[in-house]
DNA sequence: TCGACTCGTTTGGCATACAATTTTTAACGA
DNA sequence: TCGTTAAAAATTGTATGCCAAACGAGTCGA
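Residue numbers (my numbering), protein chains in the order written: chain A, 1 to 240; chain B, 1 to 240.
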């Protein structure tokens, strides 16, 4: 371990623009491995925009910053490449991926389908406790909405979607959803900040909560899919 | 390059059990990198059952077998870990993953949803040429069926599903589908060999072909999803 | 029988070396 | 001034050796 003691892997970045919230860290079995830690750190840096899209990743420089050697860093980069969070250019290393509009649309299309499935499964199989937890998150989110606390709203929104998918009990679905979602995290955060259609989204969440409470699988399925469509409108209007 | 000249990365394995067909090799941009080649090789070895589930991957031994050093091999292993084709046990390396019944079911559930989406998109947006290509594959598959050529049938079946998904024009969907499908390739091949329900599957494929030809998106969507259900029955009956 | 210890093997990680390639810099000429 | 070419520097890709920590199989003793 090159990283002795309790000092953090990376110096605190005082110039964070939007101060993106920390994304979810999956408690991997192998997370004690340095590679996993570095991969998580990189993932966070990309997702939180500390490593901006298009940035070329210089191995030595970054390995010094992270206080690890090139070996685990390179292995971590390979992981992110296979997660499509960075691109690999032969002999020119890796650059942080920046999905274009077409790719965002495709991601949302797939995500919508996955969330629809998640909603269906959740309505059918989730325990009552699970559902109540989600409803609790929903009301927290409403609270954030009325407080106009965009950051809290964003985080709770993410948590709700993740929870619904998780409530379906399909681990493969959870993983796949998480991986695709990571590629949109940053762009969603940005579009969330400037969104002037909060009401619509909140209204949709109300319906989602109702359908979940009623365990109306069919309705929840279509609601989840349509809800993603709204996201596309948001993102598209910002980026266009 | 440790692998000079034209000799293959791995000696031909003369003791292949079922002689699984070579899986699709995606022409990655970075495929000239040794890491990518090794990863592909490993993927093939796992998918084709040359590396059996549960096998522990010994780095030095395997690096000698593949004629590469540990460095690219380890990076390749990380890639497969993130693809869930191998598990990583901290300090004990990696073992070839063997999905249990629950995981297979979850994989099929997600795959079914993705293929349903693929079918819908294909029916809506595919070019006529694309559709005709798929129909051609379909008839080839019928031919293999009547010849009782299980291997050809299997390969054509895979090709058809892949083509339908690809015809939708959603690259993210294609990638996601391929990744999940890889985890089922081996188990599907095995169950295909002992399947005594060919007729049902072929009948379903007939319907799928019809729906595609008619560009009936709604019908194709449900057909694709139900078709996967049939796969589950097949796999489950074999494994149970 | 069972627990503690030893020892060999393997992985995880670091450092270094070096060829191939890319990028940067500098020099040059129109 | 601007573009082009050549030399120099930097970076990646791969190999290799090294070492500490972890694990597993025996071994030994109670």
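Glycine is no exception: its CB is placed at the ideal position from the N, C-alpha and C atoms. Note that the structure is predicted; figures quoted are calculated from it, not measured.
Inset, instruction - State the beta-bridge partners of residue 94 of chain A as determined by DSSP. - result: A/57 and A/88
Inset, instruction - Measuring only between beta-carbons, confirm whether residue 76 of chain A sits less than 9 Å from chain B. - result: Closer than 9 Å to some Cβ of chain B, the Cβ of residue 76 of chain A qualifies, so yes.
Legend entry - Within 9 Å, strictly: CB atoms of residue 43 of chain A and residue 85 of chain A: yes
Legend entry - Reduced DSSP category for residue 48 of chain B - H, G, I as helix; E, B as strand; rest coil: Correct three-state label for residue 48 of chain B: coil.
Legend entry - Simplified DSSP assignment, three categories, for residue 268 of chain B: The displayed coordinates of chain B run from 1 to 240. Any statement about residue 268 of chain B would go beyond what the structure contains.
Inset, instruction - State yes or no: is the beta carbon of residue 116 of chain A nearer than 9 Å to at least one beta carbon in chain B? - result: yes
Inset, instruction - Could you work out which residues of chain B lie near residue 35 of chain A, taking near to mean beta carbons separated by less than 8 Å? - result: 78
Legend entry - Nearest to residue 113 of chain B (by Cα), restricted to the options B/203, B/193, B/173 and B/148: B/173
Legend entry - Neighbour flag for residue 175 of chain A against chain B, beta carbons, 9 Å: By this cut-off, residue 175 of chain A is an interface position.
Legend entry - Where residue 149 of chain A falls: helix, strand or coil (DSSP): In the structure shown, residue 149 of chain A falls within a coil segment according to DSSP collapsed to helix, strand and coil.
Legend entry - CA-to-CA distance, residue 227 of chain A to residue 201 of chain A, given in whole angstroms: 7 Å
Legend entry - From B/41, B/137, B/79 and B/53, residue whose alpha carbon lies closest to that of residue 65 of chain B: B/41
Legend entry - Under the three-state DSSP convention, the category residue 68 of chain B falls into: coil
Legend entry - Integer-rounded CB distance, given that residue 181 of chain A should sit under 8 Å from residue 109 of chain B: Contact annotation, residue 109 of chain B with residue 181 of chain A: C-beta distance approximately 18 Å; criterion of less than 8 Å not satisfied.
Inset, instruction - Quick one: list the residues of chain A neighbouring residue 53 of chain B, beta-carbon separation under 9 Å, in chain order. - result: Per Cβ cutoff of 9 Å: no residues; residue 53 of chain B is ~17 Å from chain A at best.
Inset, instruction - Answer yes or no: do residue 93 of chain B and residue 57 of chain B have a C-beta to C-beta separation smaller than 9 Å? - result: yes
Inset, instruction - Flag this pair as touching only if the stretch 100-108 of chain A and the stretch 201-219 of chain B have three or more C-beta atom pairs under 8 Å; answer yes or no. - result: no
Legend entry - N-terminal and C-terminal residue of the alpha helix (DSSP H) that residue 83 of chain B is part of: First-last for residue 83 of chain B: undefined, no H or E at that position.
Inset, instruction - Could you check what DSSP says for residue 226 of chain B in three-state terms: helix, strand or coil? - result: helix
Legend entry - Proximal chain A residues relative to residue 171 of chain B, where beta-carbon distance stays under 8 Å: 103 and 106
Legend entry - Cβ pair residue 83 of chain A, residue 188 of chain A closer than 9 Å: Taking 9 Å as the Cβ cut-off, residue 83 of chain A and residue 188 of chain A do not qualify as a contacting pair.
Inset, instruction - Could you work out which residue in B/143, B/167, B/54 and B/100 is closest to residue 212 of chain B when comparing CA atoms only? - result: B/167
Legend entry - Buried versus exposed call for residue 234 of chain B [16 or more other C-beta atoms within 10 Å across all chains shown]: buried
Legend entry - Residue nearest to residue 215 of chain B in terms of C-alpha spacing, selected from B/132, B/50 and B/175: B/132
Inset, instruction - Run down chain B in chain order and give the residues with a C-beta less than 8 Å from the C-beta of residue 113 of chain A. - result: 113, 114, 116 and 117
Legend entry - Proximity test, Cβ basis, 9 Å: residue 62 of chain B and chain A: no
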